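Below you'll find the structure, written out as structure tokens, and then a few comments.
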Amino acid sequence: MNWVFWLVAIFVFLIGELFTTSFFLIWFAMGALVGLIFSLFGAGDVIQLISFAVTSGILILNSHKIVNKYIYKNSKEIKTTVDALIGKTGIVLQKIDNSENKGLVRLGGEQWSATAIEDDLIIEEGTKVEVVRVEGVRLIVKPKEKTNI
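Using UniProt numbering, the first residue of the sequence shown is number 1, and each one after it goes up by one.
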């Protein structure tokens, strides 16, 4: 095939990629680039098509690894909703006593109902606590400082 065919194919795939967000057509553009290179070196049509197909196939099969390694390498996972609360430190505003179903914690400027991680644990006001998990709208906490039981 003529090198112009491959050049046009590259541009068609790249323009098509501009209208998608899937990083799919880019791999065909790369395959067409390999076909163009083989064409410039005088390879036959079959070799050009095979090189295009093999290159595109390999890139598509490995696209997840390629995108994660080179495009999203500096991305950090952002925790949202209740996942962002786990591991945070709060201050006990009202004594946490599971037997009385009481407890209030200030965490990030907000007040949350709280329960101690252990049923027999009482956590006094002013104690720093760490969020272990969230159950509904209630924080499950453990003390970061020693408390009186």
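Glycine included, every Cβ here is placed at the ideal spot set by N, Cα and C. Just so you know, these numbers come straight off a predicted model, no measurement behind them.
Contact between phenylalanine 52 and glycine 31 is confirmed by a C-beta separation of about 4 angstroms, below the 8 angstroms threshold. If you look at isoleucine 47, you'll find it in the alpha helix (DSSP H) that goes 45–61. According to DSSP, residue pairing for leucine 139 in a beta bridge involves Ala114, Val134.
Residue environment for isoleucine 96: buried (at least 16 other C-beta atoms within 10 angstroms of its C-beta). Straight-line spacing of the CA atoms in arginine 133 and phenylalanine 23 works out to 37 angstroms.
Val8 is the residue among Gly109, Val8, Ile60 whose C-alpha sits nearest the C-alpha of glycine 35.
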